[in-house]
Each structure stands twice: as C-alpha cells, then as structure tokens.
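Under the UniProt record's numbering, the first residue of the sequence shown carries the number 1, and numbering increases by one thereafter. For reference, the structure is listed below as structure tokens.
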Amino acid sequence: MTYIGILGAMDEEIKLLLEQMEEKDTQVQAGIRFITGTLLGRNVVVSKSGVGKVNAAATTQLMIDRFQVSSVLFTGVAGAVNPKLQIGDIVISSSCQQHDMDVTALGYERGIIPYQEISDFPADDSLVKLAMEACEKVCKDHQFLVGRVLSGDRFVADRDVVQDLYESMHGACVEMEGAAVAQVCHMNNVPYVVLRSMSDKADGSAHVNFAEFTVEAANRSYAILNEMIGSL
Ligand code: ADE
C-alpha cells in the first residue's frame, strides 16, 4: 500500500486533518505517533513532528522507512519574511534552507552545509504546481507566493533579523522544520512540498500575533492541503 505522508509541527497544524480522516489506526515509534487512514479516499499517514529540525528530521525519516510514502506534504504556520506578505498569506516552498547553518568562520556562505552538493533543497515541481492550483481555489482573501522557506531552531521575533533573512538569504518566510524535512526527503529521493500560512511577521510583535493567529493560519494551510489531496 502507498501512503501520502502529511506532517505538521504542532497539534493545531494537524487537528483538522485528524478530524477528517477515516479508518484511523495509530502506531508509535520513538514517542512519535503515526496515524494512518484515508482522506478523500487516499491512503495517508499523518504525524505531529514536534518543533524544531531534529524532531522534524527524525519524524520524516521514520515516516519514510515505515510507510514508504510516495510524497511528503508539510502543513503549518510561519513568520513572514518577504515584506509583501501579510498575516494569513501563504508561502508554497520553492525550496527550503537552514538559516542557522553557519560555518562562515571556515569561509562558507551562510546556510551552506559543508562537504555537501546541496544546501537549499528544491521542492517537487508537480507538488508546487498542485499547491498553487489549490491556493487559487481556496485563498480568496489572501495572496500566496512560491518562495524559499528558511528554517532554524529559533523563533524569530526581531525586525532586524527578518530584514537580514530577506536581504542575505532571500527567504519568503521563516519557521523551524521545513529544511529538515526537505533534506531528509532529498536523501531518500522522496518528493516534498511545504505549505505555510503566515501567523506573524517575525518582528517584535511576533509572539503576540503567533498566539492570536496560529489556529486561523494553520486552518488555512490545512484547507489548501485538503484541496491538494483530492488531486494526488
Ligand atoms: N513559526 C511561526 N512564526 C515563526 C517565527 N516568527 N519564527 C520561527 N518559526 C515560526
């Protein structure tokens, strides 16, 4: 049996998915719950990775090993980095890169993983296209863009940091898992896409906005993903 793998970092990000799933069954490994079932007639496995790159990497690898997923879709919220983005807008990953990979002291550019061919992991073109089509149908009141998702083990809440992430690393948004998922998918030759709805602008108000808008933003990301599943 083939599965579509779906990941979110927090309960809010997978809550609606779990509510819509049928014929559910749960398996646990390394403290991570993998919930299999059907969504719109497709076999899916859904998991909450937990926050941060290590959690995301471990969950993605276990999901690939245990369920041989045909693709991985990540749904959730992020801080806006591109100044055009407003809270509620959507970013579809063109690629994902770690903004906190820093070996500049040895002469590498920021975000570059030494001794590796690739550090900015491209999302799957067909999944990006499907996500764009889904956004066109679902995002009536919000804009979406396809751009680079930056990930790091840090909640960004500083205007200067955001500006730097935009100017130096050309990020569209910042979050804490996407690049880990992307790297593990790349290592296993599994197509992926990350869908993020903006819960905040990663500035001095980010913690307040995050608390206020996370559920709404996570639900928007879910709505797009749900639209995509029907076409997979
Ligand atoms: N996820 C949502 N908002 C974020 C932020 N400002 N920084 C990192 N991850 C986030």
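No residue lacks a Cβ here, since even glycine has one placed at the ideal position from N, Cα and C. These figures come from a predicted structure and were not determined experimentally.
{"Asked": "Could you give the uninterrupted runs of the alpha helix (DSSP H) lying entirely in the region 148 to 192, keeping only those of 4 residues or more?", "Found": "159 to 169, 178 to 188"}
{"Asked": "Any idea what DSSP makes of Asp124, helix, strand or coil?", "Found": "coil"}
{"Asked": "Which residues does DSSP list as the beta-bridge partners of Ala78?", "Found": "Met198"}
{"Asked": "Cβ of Met169 versus every heavy atom of the ligand ADE: is any distance shorter than 7 Å?", "Found": "no"}
{"Asked": "Give the DSSP bridge partners of Cys96, in chain order.", "Found": "Phe121, Val149"}
{"Asked": "State the DSSP-derived secondary structure class of Thr2, mapped to helix, strand or coil.", "Found": "coil"}
{"Asked": "If you measure from each CB to the nearest heavy atom of the ligand ADE and keep those under 7 Å, what residues do you get, in chain order?", "Found": "Val77, Ala78, Gly79, Arg154, Phe155, Val156, Ala157, Val174, Glu175, Met176, Ser199, Asp200, Ala202, Ala206, Phe210"}
{"Asked": "Let me know the secondary structure DSSP gives Lys24 once reduced to three states.", "Found": "strand"}
{"Asked": "Here's the rule: buried if 16 or more other CB atoms are within 10 angstroms of the residue's CB, otherwise exposed. What is Gln98?", "Found": "buried"}
{"Asked": "Using a Cβ-Cβ cut-off of 8 Å (strictly less than) and excluding sequence neighbours within five positions of Phe67, which residues of its own chain qualify?", "Found": "Tyr3, Gly5, Phe34, Thr36, Val45"}
{"Asked": "Go ahead and pull the three-state DSSP assignment for Arg110.", "Found": "coil"}
{"Asked": "Would you say Ile113 and Met132 are within 8 Å of each other, going by their C-beta atoms?", "Found": "no"}
{"Asked": "How far does the alpha helix (DSSP H) with Thr59 in it extend, from its first residue to its last?", "Found": "53 to 67"}
{"Asked": "For Ala179, which residues of its own chain have a beta-carbon under 6 Å away from its beta-carbon, when the five flanking residues on both sides are left out?", "Found": "Cys96, Gln97, Gln98, Ser151"}
{"Asked": "8 Å is my cut-off, CB to CB: does Tyr192 come that close to chain E?", "Found": "No chain E is part of this structure, which consists of one protein chain only."}
{"Asked": "With a 10 Å radius around its C-beta and 16 neighbouring C-beta atoms as the bar for buried, classify Lys84 as buried or exposed.", "Found": "exposed"}
{"Asked": "If contact is defined by three or more beta carbon pairs under 8 Å, each pair taking one atom from either stretch, is the region 216 to 225 in contact with the region 175 to 191?", "Found": "no"}
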